[in-house]
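For what it's worth, the numbering used here labels the leading residue of the sequence shown as 471, then goes sequentially.
For glycine and all other residues, C-beta sits at the position ideal for the given N, C-alpha and C.
Please read all numbers here as calculations on a predicted model, not as lab measurements.
Each remark here refers to the structure printed beneath this line.
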Amino acid sequence: MKAILFILFTTVILNAQTFEIEKINGSVKILTGKDNSWIDLKSKTTVYANTVITTDKNSSVKIKGGDIFFTLKESSAISVSNIKKMSIDDLLLALAMDNVLNTPKKNGNKKSENTSTYGENLSGETLETLKSNSFGIKRLNGAKQLAESGFTESAIVTAKEVYRKYPETKSDIESRLLFANLIYNKGLYEEALDDYSEIKSLKLNSEQKTLVDERIEQINKKLINK
471 MKAILFILFT
481 TVILNAQTFE
491 IEKINGSVKI
501 LTGKDNSWID
511 LKSKTTVYAN
521 TVITTDKNSS
531 VKIKGGDIFF
541 TLKESSAISV
551 SNIKKMSIDD
561 LLLALAMDNV
571 LNTPKKNGNK
581 KSENTSTYGE
591 NLSGETLETL
601 KSNSFGIKRL
611 NGAKQLAESG
621 FTESAIVTAK
631 EVYRKYPETK
641 SDIESRLLFA
651 NLIYNKGLYE
661 EALDDYSEIK
671 SLKLNSEQKT
681 LVDERIEQIN
691 KKLINK
């Protein structure tokens, strides 16, 4: 089952299109599969699915590919493979794959997912950056911007990936609620219930607790009436 899901999900990723960099403000860097460290990004550069883009403070980059336009704002990061339109079926497949990847490994492979993605040639400094919680926060910012730009399904998938790779980012309650609400609004009630139930265990303020309790109650009613 895991192998089948991986093949299907990988096919979706490989079908991702290329993009061209339209405009850059400030300091923007990229990391590709063939590089061992970050390099400065230049306008009119073509970027591919295996490229990660990161912006510094007061920096941004406009990206264009086919009928897709996206602006990555300051202090953010994103994998180019995440900038895409997805169907509900694609989203369900990606969420199923995320559940599989979240399953504890009996003979835990200690190799970093970042090393697996970019190969063994990463410099120590680059790998430390990729593994840092601060970079996870930048990637979460990128996921939020996907949602703001209308790429809701892709934003959800990106956030799930960030939470898996950077567990400390899961303590950002407002972000957790944002993505749980996006899943709820897509009508994926069982998946949303899992998220709200997990969020409920965090230290919530009274307003957040009320919202979560109301959503859980709403979902339970919907599931009973199915």
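Residues sharing a beta bridge with residue i, DSSP
i: L542; result: V531
i: F489; result: V517
i: N495; result: S530
i: I548; result: I523
i: I558; result: DSSP output for I558 lists no bridge partner at all.
i: D510; result: K499
Residues near residue i in its chain [Cβ-Cβ closer than 7 Å; skip 5 each side]
i: D510; result: K499
i: V682; result: Y666, I669, K670 and L674
i: L478; result: Residue confidence for L478 is low, a pLDDT of 45 falling below 50, so the modelled location carries little weight; the figure read from the coordinates is stated next. So the qualifying residues of the chain are L563.
i: S586; result: Low local confidence applies: a pLDDT of 49 at S586 is under 50, so the model's placement there is unreliable, with the coordinate-based value given in what follows. If we look at S586 and ignore the five residues flanking it on each side, it has no Cβ neighbours.
i: K514; result: E490 and I491
i: A650; result: A662, D665, Y666 and I669
i: F540; result: I533, I553 and S619
i: S593; result: N506 and S507
Cβ pair residue i, residue j closer than 8 Å
i: T622; j: L652; result: yes
i: N520; j: N591; result: no
i: M556; j: S624; result: yes
i: D559; j: K630; result: no
i: S695; j: R634; result: Checking the sequence, you will find Asn at residue 695 rather than Ser. It is not a contact, given that the beta carbons lie outside the stated cut-off.
i: Q678; j: I643; result: yes
Own chain, CB closer than 8 Å to residue i, minus 5 neighbours either side, in chain order
i: G535; result: Q487, T488, F489, E490 and I553
i: L693; result: Y659, E660 and L663
i: A418; result: This structure leaves residue 418 out entirely; the chain is present only between 471 and 696.
i: L561; result: E623, I626, V627, K656 and L658
i: N603; result: Y636, E638 and T639
i: K543; result: T525, S530, N611 and Q615
i: K512; result: I491 and I494
i: V704; result: The chain is shown only over 471 to 696; residue 704 falls outside these bounds and no answer can be derived.
Beta-carbon contacts of residue i that lie in its chain and below 6 Å, excluding the five residues immediately before and after
i: V517; result: F489 and V550
i: T680; result: none
i: W508; result: K499 and L501
i: Y654; result: A662
i: I686; result: Y666
Proximity test, residue i beta-carbon vs the ligand GDP heavy atom, cut-off 7 Å
i: E677; result: With respect to small molecules bound, the structure shown includes none, and the ligand GDP cannot be examined in it.
Does the region 648-667 come into contact with the region 595-609, if we say contact requires no fewer than three beta-carbon pairs (one atom in each stretch) closer than 8 Å?
The region 648-667, when compared against the region 595-609, does not touch it at the 8 Å Cβ threshold.
Answer yes if the region 661-674 comes into contact with the region 606-617, meaning at least three C-beta pairs across the two stretches below 8 Å, and no otherwise.
Segments in contact, no.
When the Cβ atoms of the region 521-540 are set against those of the region 486-494, are three or more pairs found closer than 8 Å?
The region 521-540 and the region 486-494 touch, with no fewer than 3 CB-CB distances between them shorter than 8 Å.
With a floor of 4 residues, list each alpha helix (DSSP H) that falls wholly inside the region 628-695, ordered by position along the chain.
The qualifying runs are 643-655, 659-670 and 676-694.
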